[in-house]
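Chains A, B, C, D, E and F, in that order, give the protein sequences. Read in UniProt numbering, the first sequence has 192 at position 192, and its numbers run on one by one without any break. Read in UniProt numbering, the second sequence has 76 at position 76, and its numbers run on one by one without any break. Read in UniProt numbering, the third sequence has 156 at position 156, and its numbers run on one by one without any break. Read in UniProt numbering, the fourth sequence has 149 at position 149, and its numbers run on one by one without any break. Read in UniProt numbering, the fifth sequence has 206 at position 206, and its numbers run on one by one without any break. Read in UniProt numbering, the sixth sequence has 97 at position 97, and its numbers run on one by one without any break. Positions of the beta carbon are idealized from the N, C-alpha and C atoms, including for glycine.
There are 6 protein chains.
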Amino acid sequence: MATRPSGRAPDALRPVSIEPGFARHAEGSVLIRMGGTEVLCAASVESRVPPFLRGQGKGWVTAEYGMLPRATHTRGGREAAKGRQSGRTQEIQRLIGRSLRAVVNLKALGEMSITVDCDVLNADGGTRCASITGAWVALRLALETLVRNRVLASVPLTAQLAAVSCGLTGAGAVLDLDYDEDSAAAADANFVLTEAGGIVEIQGTAEQAPFSEEQFQDLMRLARIGTGQLFAAQREAVDTALAASGGAR
Amino acid sequence: MATRPSGRAPDALRPVSIEPGFARHAEGSVLIRMGGTEVLCAASVESRVPPFLRGQGKGWVTAEYGMLPRATHTRGGREAAKGRQSGRTQEIQRLIGRSLRAVVNLKALGEMSITVDCDVLNADGGTRCASITGAWVALRLALETLVRNRVLASVPLTAQLAAVSCGLTGAGAVLDLDYDEDSAAAADANFVLTEAGGIVEIQGTAEQAPFSEEQFQDLMRLARIGTGQLFAAQREAVDTALAASGGAR
Amino acid sequence: MATRPSGRAPDALRPVSIEPGFARHAEGSVLIRMGGTEVLCAASVESRVPPFLRGQGKGWVTAEYGMLPRATHTRGGREAAKGRQSGRTQEIQRLIGRSLRAVVNLKALGEMSITVDCDVLNADGGTRCASITGAWVALRLALETLVRNRVLASVPLTAQLAAVSCGLTGAGAVLDLDYDEDSAAAADANFVLTEAGGIVEIQGTAEQAPFSEEQFQDLMRLARIGTGQLFAAQREAVDTALAASGGAR
Amino acid sequence: MATRPSGRAPDALRPVSIEPGFARHAEGSVLIRMGGTEVLCAASVESRVPPFLRGQGKGWVTAEYGMLPRATHTRGGREAAKGRQSGRTQEIQRLIGRSLRAVVNLKALGEMSITVDCDVLNADGGTRCASITGAWVALRLALETLVRNRVLASVPLTAQLAAVSCGLTGAGAVLDLDYDEDSAAAADANFVLTEAGGIVEIQGTAEQAPFSEEQFQDLMRLARIGTGQLFAAQREAVDTALAASGGAR
Amino acid sequence: MATRPSGRAPDALRPVSIEPGFARHAEGSVLIRMGGTEVLCAASVESRVPPFLRGQGKGWVTAEYGMLPRATHTRGGREAAKGRQSGRTQEIQRLIGRSLRAVVNLKALGEMSITVDCDVLNADGGTRCASITGAWVALRLALETLVRNRVLASVPLTAQLAAVSCGLTGAGAVLDLDYDEDSAAAADANFVLTEAGGIVEIQGTAEQAPFSEEQFQDLMRLARIGTGQLFAAQREAVDTALAASGGAR
Amino acid sequence: MATRPSGRAPDALRPVSIEPGFARHAEGSVLIRMGGTEVLCAASVESRVPPFLRGQGKGWVTAEYGMLPRATHTRGGREAAKGRQSGRTQEIQRLIGRSLRAVVNLKALGEMSITVDCDVLNADGGTRCASITGAWVALRLALETLVRNRVLASVPLTAQLAAVSCGLTGAGAVLDLDYDEDSAAAADANFVLTEAGGIVEIQGTAEQAPFSEEQFQDLMRLARIGTGQLFAAQREAVDTALAASGGAR
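What follows is the structure, encoded as structure tokens:
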């Protein structure tokens, strides 16, 4: 079996860093890097909810996703100039928002909205998973800001959440595909998992040929390895940010 | 454990029917019914491919999805009048197109495009899975038309494809959710499978709380039961249509 | 003078059927067929009126029109994907809505809106007229539902309404053009008439050369013959539907 | 029976003027005034046809319609700012284009397009009819320019065309409704007629109650009176313009 | 140094006329002509302000700009049909609105909005400056209407405002560029000035090569000459209009 | 006279840094920081020109501008989601593109396009000027890449370009307004200047009251001081980038 283009072991993540505070005006933000992929995640709090939730005493968490035109190898058209978000963009931002909501106690949040913007500054595969992993930290930091400002009594999160992609490539089942691997994979799958081992979202897609249940379980096993390391990186980023804001917790 | 609202057994599909020929002008079409869900699937052949494929000697298969405004309990706005397709619509039509392409030999199709329109006339849950199951038959019938008209030498399909949703409800893991079950499920998953047992697409989503790997495997087991029956219904519809068109195969 | 492509007599309608209840969730609905033309008409009741009518104690009736992409010989682009309704679509839905409002007592309806969606499943000419004829039945059934549910004391309709197209063709003045006739007609006209003989809307258009007043009167005479039969078909559909709903009237 | 708000006789047009040359850059243009209604009609020639006509040796004539935001009693939103043309605008511009094409020999025009822009500067009822009457003159002048420039051998018009509205009001059947009459009419109808007596387009609409065939014939009789005077005004405007351009015909 | 294409002296304006009352329904309007450039400016008063100003006791003044499709040498696409206003259009209407607001006491206006529509009927260069000069008169006349109707106690304008373009051409620094000069100028600048000598807006642009501070001052000197004459034309138009409305001031 | 909110001297810039290479895939890019304002500028080369330039042997340079939703104090709506770019966005990107083109020899560039994307990551006033200053460096680096790859023989730039804003505030005429100063300024002006002293663009706007010619000259004097420092920072960034790419020049 071939080695990976990057030389990584099949179960090796790319170097990960999560830098808090990049968006200075946001209630919570990080710049997350997974290898050559860089996503700016910024959580914004508003004290009102969308019309369909008004008067129910519940909050809302949602996400928007974008990619700078030259985040990619060749320049892509600017969605604002084209006048519509692509189906891919909408699919990704729906996934991020749904995943975050699965670990927020919306009742405890109360009638507030949090929008997490995930903007890809540089893309090298895995942008949707990096967005989810970064967005959870940005959301956590925004909620900590609300606690520090006594708007909330405690952080209404029910779980820690991270995401990673895995795929079937010429090097077998591998963890955390980069762009070169992703564009040649026979199949890939995105896993959104909680630190406690729960599954929040699974999206597996055969790109070239149907795959088997055994292959799928290989991918899930790799995802558990990868998210384990991502949970640690998230905790470190949260600790750094809380220390900086004087918040001993 | 509670019984299902419909009284069905956990592993029971709703009544399925697949009526070929509903869209009279289309090269292939069916009206698929799964309980109260009705989707008109029409495959249209064009003798050109999208710009990004020109000159490569390969074909293209894609899908579009829509819902009549009053397919649902309360009237939804007409997307044509609103001037944009919702994120949900785009996500579904991308899924249908991707699933179909996974079982078509695009090289063998040659420089032609087939668009499968899936329009929901009545909705009672499971419209995306019904669309895929019906779309495969419409596509098959359109390809048979091309063979009958000597445009193609043989049908360039590599597998038979069907889809079904499963979910975790008050009645446990159940097959083929209807609207009432879907809107109250703790988690649901859509499985797009081939008759040979391959996985083409998996989408699992925690609606209320993360779920476990065991629960996920229960859902996959139900999906295999359900698609087994759908494959039979598809074959019967194809046979009926071919007999009607005088095509003994 | 030539015979008609279909062999019909100049004053013969195509076979007509009006099947109530096709859209299961709608307050009133029919699937109307005139030869190869099939339109699903669904009336939806909402308990509010558009902003320009608020607080006036009057109701509103409007219509929306659409055509499934493969209702026609060659696939047409989906309006929702193109992001705008064509001028033709808007013109037709304005005509349907205006015609219906001409026979509704909006004061008696009270502050409610009824939207009638007319979606063409299969097209073979005359879709706008079939839409009006079907829409009137769907509207009538929705109003009967409101009476049955004691929202209204009586059905606020002032007349029975149907529509038919006529045209000048190689076979002379003929009734109820199908697609082949319509695309070759020298002139055509749509007549929206009431059972009591009143004119609600006339639209006559010279496609190739101006026509005379006498020719126009020939067309109107045919329209009276055709709508006579349509009124009967409408009454039968209403009776069937009311019998099914247990509503003896 | 009441007198008209303007004091006009039932069969009296408002004062009409047709001033050629208002749009200085256009190949043909007029400013037409019918009472308080003023429409600038400008015909633009392009030496190519829309895609669906290419290579057929035929030309095309079309129209676009607009209303300045403050042409009306209260300011209307600017369609360019709203990002879409209303259904009313599209319906009117389709009518103008269709009417003009009915009197042009498109084969004789050859592979050229003429677009007639009709922009309402001041509105007091009857803007669509004034647009058609003015557009015919603008089109005629543009075609004369093409003849003068030896692009065409002769003017490819098959008839002279004008339009007028009539309606049923408190003063009975009346000719050329102004805004006050139009907004209170029980029914109105627009007639597009040729100088030779042919009918190009009829649009009759019951605004409040169905009308009878006799009433409709009264309206048509008035329309013949009104267009008779409009044909004279058109001829005078054409003569003035041709004299000014040195074109003795 | 070359002479100007028009033969004008470097510091000569084109013939200017400002005709009040062209838009009959508007509270204030003018048709301004500067040589071959003609702009219809119409001010509309509404008794509400945009959401961001509500409840602050202040008014709002804004502008919208448009160009009829055949105002130019070759026909431009209609923005309403294209579904968006160009960047140029938006830039110009923002400039007009900002300039007007700089000379209105919005507190004294109270919670009312005035929108000034500037629609170019014929274009020969300098349309944005002609729009501003005309818009100020339309605004003044609308405010006089409000005073006459006792809605306002006095006209809440703080200065008289006019605009003119200047440029560096083959004939040196020249005043009031027409289209031929504008399209060949090395640089041009638009000056929005008050009668008291204040600067409201300056926009200078190098079209071909950077220019010097001295050249810029030459342009500004010309602008003062030009606006001097425009202020006189504005006053005359206001006096004419007020005399006609019986308002002795 | 008051001191500035930031304590800066009236003629002091904020700390400036220009970091090359931030957008890894772009032919040239920088992250420019002016105090709290951060803009990512990325230049993309394409080997074709827009339709209106085809076949003329000339190149094209243009710019697009965007702001991340949470670059600002409160979250702004995402333009891609709203479906249109604001007038402000379009005005700014037109300014950037026009300014860059004024210093490029488009003939020497040949039939290639360069698009410079300027995306604001954090905003604290002066984003359009920072965009121009950064965009010039990104463009220069992209052109150096083309020279290094032997696509061009030399860098087709005719001048070095930078921009800065100045304004009249409570602290008098000051250089390089931050957000607090900008939102309270009586007037502000943006100057786009060349290193050789030429003026490329001037935009001066009275926000509250007209300003005088003397005040305007004070602002221009400050702009010359500020751009002097920006030219030095640009040169340093270019040298750093060229050294890193092994390009000794």
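Check	Outcome
Taking 8 Å as the cut-off, does the region 85–104 of chain B touch the region 84–92 of chain A (at least 3 CB pairs, one atom from each stretch)?	yes
For glycine 36(A) and arginine 128(A), I'd like the C-alpha separation in whole angstroms.	14 Å
Starting from valine 16(C), trace the beta strand (DSSP E) in both directions and tell me its first and last residue.	16–20
Would you list, in chain order, the members of the region 49–64 of chain B that have their beta-carbon closer than 8 Å to a beta-carbon of chain C?	Glu64
Should arginine 4(B) be flagged as near chain C, meaning a C-beta pair shorter than 8 Å?	no
Out of Phe191(E), Pro51(E), Leu109(E) and Ala171(E), which has the shortest C-alpha to C-alpha gap to glycine 226(E)?	Phe191(E)
So alanine 69(B) packs on glutamate 64(C), CB below 8 Å; how close in whole Å?	The residue you asked about is not alanine; residue 69(B) is proline in the sequence shown. About 7 Å; that satisfies the 8 Å criterion.
Can you give the Cα-Cα distance for aspartate 188(F) and glycine 204(E), rounded to whole angstroms?	14 Å
Using a cut-off of 8 Å between C-beta atoms, extract the partners of alanine 159(B) located in chain A.	Pro210
Give every residue of the same chain whose Cβ lies closer than 6 Å to the Cβ of glycine 134(E), excluding the five residues on either side of it in the sequence, and list them in chain order.	Val30, Ile32, Val39 and Cys41
From alanine 102(F) to tryptophan 60(F), what does the alpha carbon distance come to, in whole angstroms?	11 Å
Can you check whether the C-beta of glycine 198(B) is within less than 8 Å of a C-beta belonging to chain A?	yes
Measuring alpha carbon to alpha carbon, tell me which of Glu195(C), Glu111(C), Asp11(C) and Leu141(C) ends up nearest threonine 158(C).	Glu195(C)
Can you tell me which of the three DSSP states threonine 89(A) falls into?	helix
Exposed or buried, alanine 248(E), counting other C-beta atoms within 10 Å across all chains shown (16 or more means buried)?	With a pLDDT of 44 at alanine 248(E), under the threshold of 50, the modelled position of that residue is not reliable, and the figure given next carries that caveat. Answer is exposed; the Cβ neighbour count stays below 16.
Helix, strand or coil: how does DSSP classify arginine 33(A) here?	strand
Would you mind telling me which residues of chain B sit closer than 8 Å to phenylalanine 216(A), beta carbon to beta carbon, in chain order?	Ile199 and Ile202
Run through the DSSP bridge pairs and tell me what residue 327(D) is partnered with.	Here chain D has residues from 1 to 249 only, and residue 327(D) is not among them.
Take every Cβ of the region 205–220 of chain B, pair it with every Cβ of the region 105–115 of chain A, and state whether three or more of those distances are shorter than 8 Å.	no
What alpha helix (DSSP H) runs, 4 residues minimum, are completely inside the region 105–161 of chain C?	106–109 and 127–148
Could you have a look at glutamate 79(A) and say whether DSSP puts it in helix, strand or coil?	helix
Anything in chain E within Cβ reach of aspartate 178(D), meaning under 9 Å, just list it in chain order.	Those within 9 Å of aspartate 178(D) in chain E number zero; the least Cβ separation is about 13 Å.
Spell out whether any CB of chain A is found under 8 Å from the CB atom of leucine 121(F).	yes
Would a check of beta-carbon distances place residue 286(B) closer than 8 Å to chain A?	Outside the shown range of chain B, which is 1 to 249, sits residue 286(B), and nothing can be said about it.
Can you name the residues of chain E whose CB is closer than 7 Å to the CB of residue 252(D)?	With chain D represented from 1 up to 249, any question about residue 252(D) goes unanswered, as that position is not in the structure.
Which residue wins for smallest C-alpha separation from leucine 100(E), given the options Asp117(E), Thr72(E) and Thr62(E)?	Thr62(E)
With three or more C-beta pairs closer than 8 Å as the rule, is the region 175–189 of chain E touching the region 162–182 of chain F?	no
Of the choices Met34(A), Ser245(A) and Arg14(A), whose alpha-carbon is the least far from that of threonine 145(A)?	Ser245(A)
What number of angstroms, rounded off, separates the C-alpha of serine 113(E) from the C-alpha of alanine 80(D)?	20 Å
Short of 6 Å in beta carbon distance, which residues of its chain neighbour residue 284(D), apart from the five on each side in sequence? Order them along the chain.	No answer is possible for residue 284(D): the residues shown for chain D start at 1 and end at 249.
Go ahead and label glutamate 46(B) buried or exposed: buried means 16 or more other beta carbons lie within 10 angstroms of its beta carbon, across all protein chains shown.	exposed
Note down, in chain order, every chain C residue with its Cβ under 7 Å from the Cβ of threonine 37(B).	Per Cβ cutoff of 7 Å: no residues; threonine 37(B) is ~10 Å from chain C at best.
For chain A, check one thing: does any of its Cβ atoms lie closer than 8 Å to the Cβ of serine 165(F)?	no
Verify whether the separation of the beta carbon atoms of residue 294(F) and alanine 71(F) is less than 8 Å.	Any property of residue 294(F) remains undetermined from this structure, which presents chain F solely from 1 to 249.
Report the neighbours of arginine 24(A) on chain F: residues whose CB is nearer than 7 Å to its CB, in chain order.	Gly36 and Asn122
Just to confirm before moving on: does the CB-CB distance between leucine 222(C) and alanine 173(C) stay below 8 Å?	yes
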